[in-house]
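In my numbering, each residue carries its 1-based index in the sequence shown increased by 421.
Encoded as structure tokens, the structure appears first; notes follow it.
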Amino acid sequence: MRSDDTIFATASGHGRAAVCIIRISGPESRTILESLGGSVPEPRHAAVRILRESKTGEPLDQALVLWMPGPRSFTGEDQAELHIHGGLATRAAILKVLSSIPNCRPAEAGEFTRRAFLNGRMDLSQVEGLADVIDAETEAQRRQAMFQLEGRLGNAAERWREGILLALALLEASLDFSDEGDVPEDLEADILQRLDNLHAEIGQALSNRSGERLREGFTVVLAGPPNAGKSTLLNALARRDVAIVSPIAGTTRDVIEVHCDLRGLPVVIVDTAGLRESADVIEQEGVSRARARAENADLVLWLVPPEGEETKAPPARRLLKVGTKTDLNRNRHDCDVLISASTGEGIPDLIAALEREAEEALGQGDAILTRERHRKALERALQCLAAGRALLASGGPLELSAEEVRLAARAVGEITGRVDVEDVLDRLFSSFCIGK
């Protein structure tokens with residue numbers, strides 16, 4: 422992958438359409454636009470042009486073209502867009518012409534966004550937010566992704582990083598310039614307070630896991646003995662035939678997932694094998710998977726049929742007992758909800774209960790961490806801050822304390838992609854009048 426190449430790709434969907442957008446980015450963008458359209462419009466102003474094959478002059482299409490010179494473009498480079506008609510032949514003809522231009526090649530997956538990051542137009546957390554905007558399936562996921570794309574996490578991470586670097590600059594000052602008059606006497610207490618504040622603020626962000634769960638979806642596992650009505654309920658909730666329904670016990674052997682949108686919240690409904698002892702090796706594996714999914718689920722709906730032997734519910738974070746097949750027997754007072762998936766009775770009550778559970782788990786709007794990568798980076802930062810503070814408070818070597826704080830800054834910088842130890846020098850010499 423050469424960063425000095427000019428790249429191009431379709432930015433709209435594949436297949437026949439009214440309009441197809443082709444994006445071009447790189448040093449040859451202006452030349453390509455002149456070659457195809459004869460002239461370049463005013464920056465960021467759309468203009469109609471007849472696109473022609475440069476060698477033969479053959480018209481290819483009538484298109485709307487835009488010219489966005491760098492650095493004020495998505496990638497930070499010179500960039501152009503061709504809004505052509507979406508016929509397959511038209512698209513193929515223009516892409517063929519672009520491929521024939523020297524130093525111009527099709528973009529690799531994510532290369533436009535990669536260039537935006539490398540050119541400082543986006544940080545890593547915003548890049549992830551952009552991916553989440555594209556992948557969002559519910560309104561809540563879209564809102565959270567937009568917060569991240571707009572820099573909510575990146576701004577917080579940069580604020581923490583700046584605070585850590587300032588504490589590190591103070592530590593370096595205490596270490597190297599303790600005989601200078603500009604270094605305050607209570608410097609150590611100031612550093613300890615700063616480290617405590619940073620530790621508390623980052624710890625508070627880590628304590629809220631709703632952002633990750635919102636991105637991945639609230640997981641609801643349907644569990645119970647064979648023939649409890651799990652697959653029938655899954656089909657009723659999905660409003661389509663997803664799982665095979667049979668009176669034969671043990672029909673479901675594997676895990677089946679369905680993604681649902683409940684009041685704008687992403688919910689993953691998981692059908693599992695019936696829990697029972699079995700000599701069938703395949704069914705044993707299905708039961709093992711069912712127990713594992715139930716143990717890690719946000720919510721387990723434990724289905725209790727009106728007949729059959731009572732089966733013990735698996736360990737779960739949260740469990741609701743659902744009495745099934747109420748059209749056959751309603752005399753069950755130990756269940757949280759009573760339903761009949763075949764007649765639809767009780768299904769609205771069950772959906773309302775699922776919505777309440779999902780809203781309680783995912784409805785917090787103050788979560789800023791959305792990926793495990795963010796969490797791991799901040800957990801490392803907390804460990805380093807705690808180690809650095811302990812060394813400083815106990816009178817340990819300042820060099821080791823400073824190194825721990827430096828590693829904390831590096832860990833936080835991984836969130837946005839800013840990992841530059843040289844920034845410490847800027848804060849060191851701007852905070853104190855040191856240097857001769």
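Using N, Cα and C, we set each Cβ at its ideal position, and we do this for glycine too.
Pairing residue 647 with residue 694, the inter-Cα distance amounts to about 7 Å. Across the set 554, 659, 685, the C-alpha of 659 shows the shortest separation from the C-alpha of residue 677. Looking only at 612, 807, 504, the smallest Cα-Cα distance to residue 430 is reached by 504. Between residue 569 and residue 544 the beta-carbon gap is near 10 Å, outside 8 Å, which marks them as no contact. Beta-carbon to beta-carbon, residue 635 and residue 562 are separated by about 6 Å, close enough to satisfy the 8 Å threshold. Between residue 745 and residue 762, the gap from beta carbon to beta carbon is short of 9 Å.
If you draw a straight line from the Cα of residue 476 to the Cα of residue 522, it comes to about 11 Å.
The three-state secondary structure of residue 462, taken from DSSP, is coil.
Straight through space, the alpha carbons of residue 565 and residue 791 are spaced by roughly 9 Å. Here DSSP, grouped into helix, strand and coil, assigns residue 770 to helix.
Straight-line spacing of the CA atoms in residue 493 and residue 541 works out to 11 Å.
For residue 502, the enclosing beta strand (DSSP E) stretches over residues 500-507.
Taking the Cβ atoms as the reference, residue 453 lies roughly 42 Å from residue 830, outside the contact range of under 8 Å.
In the structure shown, residue 738 falls within a coil segment according to DSSP collapsed to helix, strand and coil.
Spanning the alpha carbons of residue 559 and residue 567 requires a straight line of approximately 12 Å. Assignment of residue 556 by DSSP, reduced to helix, strand and coil, places it in the helix class.
Between the alpha carbons of residue 740 and residue 628 lies a distance of about 23 Å.
Taking the Cα of residue 507 as reference, the smallest distance to any Cα among 442, 469, 488 is reached at 442. Just so you know, the alpha carbons of residue 748 and residue 639 end up roughly 29 Å apart. About 6 Å separates the beta carbon of residue 819 from that of residue 595, a gap short enough to meet the 8 Å contact definition. In the DSSP annotation of this structure, the continuous segment of the beta strand (DSSP E) that includes residue 482 starts and ends at 480-489. A straight-line Cα-Cα distance of about 38 Å links residue 657 and residue 530.
Here the C-alpha atom of residue 555 lies approximately 10 Å from the C-alpha atom of residue 549. The bridge partners DSSP lists for residue 722 are 643, 741. DSSP places residue 678 in the uninterrupted beta strand (DSSP E) bounded by 677-683.
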